[in-house]
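Report on the structure given below.
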Amino acid sequence: MDYEIVIGLEVHTELATASKIFCGCTTKFGGEPNTHVCEVCAGMPGVLPVLNEQVVEFALRTGLATNCTITQYNKFDRKNYFYPDLPKAYQISQLYLPICREGWVAIGEGDSTKQIRIHEIHMEEDAGKLIHDPYDDVTLVDYNRCGVPLLEIVSEPDLRSAEEAIEYLEKLRAILQYTGVSDCKMQEGSFRADINLSVRPVGQAEFGTRTEMKNMNSFKAIARAIENEARRQIALIEAGGTVTQETRRWDDNKGKSFAMRSKEDAHDYKYFPEPDLPPIAISDARIAAVRDALPELPDAKKARYISHYGLPAYDTEIITRSVVLTRLFEEASAVCGSPKDTANWIMTELLRQMSDAGVLPEDLLFDFAALGTVIKLVNENKINRGTGKKVFAEVFARGVDPEQYVKENNLAQVTDTAAIRAQLEEVVAANEKSVGEYKGGKEAAFQYLIGQGMRALRGKAPAPLVAQLLHELLQ
């Protein structure tokens, strides 16, 4: 029997605000445990939350960028449950009237474009972090993350494969970065996803029983977890078993998931309206102002790069997937005046350097204009491409100034025709056998002589000029 995978994702993204959602504590990542905490986010009795207005602004940006309807009268609700990293024993969230509803994000290209529906986007506060210490057999609690503002973006179960899920997440991450809502640093937990997955026979209308894997913060791990869980459920059904609705923990090192707790159809969180926060009323004028201020989003930027610059669709897809790479592309192109060359250098040299160093786009530290300077030096024949690669490697690793580095290391190309000719005359004189073979009709001998000439000139003369002058000498 053929089976279909059904996936819905719940994405949590930490917002790029300076302070927490209901108090003035910093949202800066890291810090000594329990130092970014006050009475409000620590859940002390008698304290009152005050809503950070920037959180509402970011929620509106996200909703409009993902084609959502804005709930102009929305409010917060109290979600009651006890967990050690939630000191209040409840979380302020939105259930009944979330700020954004019924949106979509498009994935795929051309005729294969598919809209992944967004059920809702709501604002809420993050919990703390539990740190398990196996050496002392204790669990420690860090409350620094308590109260960091979150958006939870809940998709409909429209995804049908790991590939679709990753493409959706990449598109969503790009939108959040372009709009300035979140840095989406997955390694810091500011962009993470819960996977709801079930399988059903192809053609069956009703969904199968789903399981949930929580707090996944790596695209590779998410893809592996989806594929593994789908195989596990199919094997269980084929063996005559029944899938249990439960929360499972994914162990990426072992490549397996493990049952954590059963999950009923509906948890009784005893939701009720948050009594300490008033409802939020959003005017038409404010929605229009936020919409007008939205930046160029990934799909629009990609279309512009293809139509204006003639870039390949694949290159633009890679570049526009990251707001950092688009900024680098635009700054470097402005310096060198050649968008096509800039895209080629990004797709080859930059991505190779990033892969070798294990660096993400958001961690790039060099001056982006420096890449444009390297390309300009190559295009103006001031250095050859091989030297350009070496110079850019130094730019990437140490942030050197390209022009200064070329000057200090005597890497500029020799353009004095007389000097090049004099060096080539010595090469011809020292390679009588190859000269004879060339004159006897062996073209390979000419290529050998070019190589000897480039070596004598230490690669600092333009190869076409070397070939031209050598040909003249041999005639």
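Each residue of the sequence shown is one higher than the one before, starting from 132 at the first, in the working numbering.
All C-beta atoms, glycine included, are put in the ideal place defined by N, C-alpha and C.
All values reported here derive from a predicted model rather than from experimental measurement.
Tell me which same chain residues have a C-beta within less than 6 Å of the C-beta of T518, skipping the five on either side of it?
L542
Span separating the alpha-carbon of E534 from that of G162:
In a straight line, the C-alpha of E534 is about 39 Å away from that of G162.
What residue does the beta strand (DSSP E) around T447 start on, and which one ends it?
Boundaries around T447 are those of the alpha helix (DSSP H), 444-451, since no beta strand (DSSP E) includes it.
Cβ-Cβ distance between E82 and A561 below 8 Å
The structure shown does not extend to residue 82, since the chain is modelled only from 132 through 606, so no value can be given for it.
Using a Cβ-Cβ cut-off of 6 Å (strictly less than) and excluding sequence neighbours within five positions of D383, which residues of its own chain qualify?
A352
Would you say the beta carbon of T144 comes nearer than 7 Å to a heavy atom of the ligand NAD?
The ligand NAD is not among the ligands present in this structure, which contains no ligands whatsoever.
Buried or exposed: where does M132 fall if 16 or more other Cβ atoms within 10 Å of its Cβ makes it buried?
Around the beta carbon of M132, a 10 Å sphere encloses fewer than 16 other beta carbons of the protein chains shown; the residue is thus reported as exposed.
Taking the alpha carbon of M585 as the reference point, which residue from K564, G571, E557 has its own alpha carbon closest?
E557
Considering Cα atoms alone, identify which of V171, T197, R291, I136 is closest to L425.
If you compare the alpha carbons of V171, T197, R291, I136 with that of L425, the shortest gap goes to T197.
How would you label K573, buried or exposed, when you count the other beta carbons within 10 angstroms and need 16 or more for buried?
exposed
Distance, Cα to Cα, A356 vs T473?
36 Å
For the alpha helix (DSSP H) containing T473, name the first residue and the last one.
470-476
Where the alpha helix (DSSP H) through V179 begins and ends
Note that residue 179 is Leu in the sequence shown, not Val. L179 -> no alpha helix (DSSP H), and no H or E assigned at all.
Rounded separation between Q335 and R379 - CA only:
25 Å
Apart from the five residues on each side of it in sequence, which residues of its chain come closer than 6 Å, Cβ to Cβ, to H143?
Residues of the same chain with a CB within less than 6 Å of the CB of H143, apart from the 5 flanking positions on each side, are L281, E283, R323 in chain order.
Please identify the residue among D242, Y402, V374 whose C-alpha is closest to the C-alpha of A390.
V374
Give me the Cα-Cα distance between Y266 and D216, rounded to the nearest whole angstrom.
21 Å
Using the Cβ count rule (16 or more neighbours within 10 Å means buried), how would you classify Y274?
buried
So, E462 versus F523, is the Cβ gap smaller than 8 Å?
no
Buried or exposed for N327, going by 16 or more other Cβ atoms inside 10 Å?
buried
Taking the CB atoms as reference points, tell me whether C277 and P218 lie closer together than 8 Å.
yes
Can you tell me which of the three DSSP states Y309 falls into?
If DSSP states are grouped into helix, strand and coil, Y309 belongs with the helices.
Cβ-based neighbour list, E141, same chain, cut-off 8 Å, excluding 5 preceding and 5 following:
E283, I284, V285, S286, A324, D325, N327
Return the chain-ordered list of same chain residues with a C-beta closer than 8 Å to the C-beta of L195, the five sequence neighbours on each side being excluded.
I201, I418, V421, R422, L425
From S438 to L604, what distance separates their C-alpha atoms?
Spanning the two alpha carbons is a distance of roughly 46 Å.
Residues near F189 in its chain [Cβ-Cβ closer than 6 Å; skip 5 each side]
L146, V312
Compute the beta-carbon to beta-carbon distance between S393 and Q376, rounded to the nearest angstrom, for a pair I have assumed lies under 8 Å.
Confirmed, Cβ separation roughly 7 Å.
Extent of the continuous alpha helix (DSSP H) to which N607 belongs
Nothing about residue 607 can be reported from this structure: the residues present for the chain run from 132 to 606 only.
Relative to the alpha-carbon of R209, which residue among P406, R331, A354, L555 has its alpha-carbon at the smallest distance?
Measuring from the Cα of R209, the nearest candidate turns out to be P406.
Whole angstroms are fine: how far does the CA of E170 sit from the CA of S329?
42 Å
Determine the contact status of I249 and W235, defining contact as a CB-CB distance below 8 Å.
yes
By the three-class DSSP mapping on this structure, what secondary structure does F403 have?
strand
Give me the Cα-Cα distance between F207 and I152, rounded to the nearest whole angstrom.
Looking at the two C-alpha atoms, the distance is approximately 12 Å.
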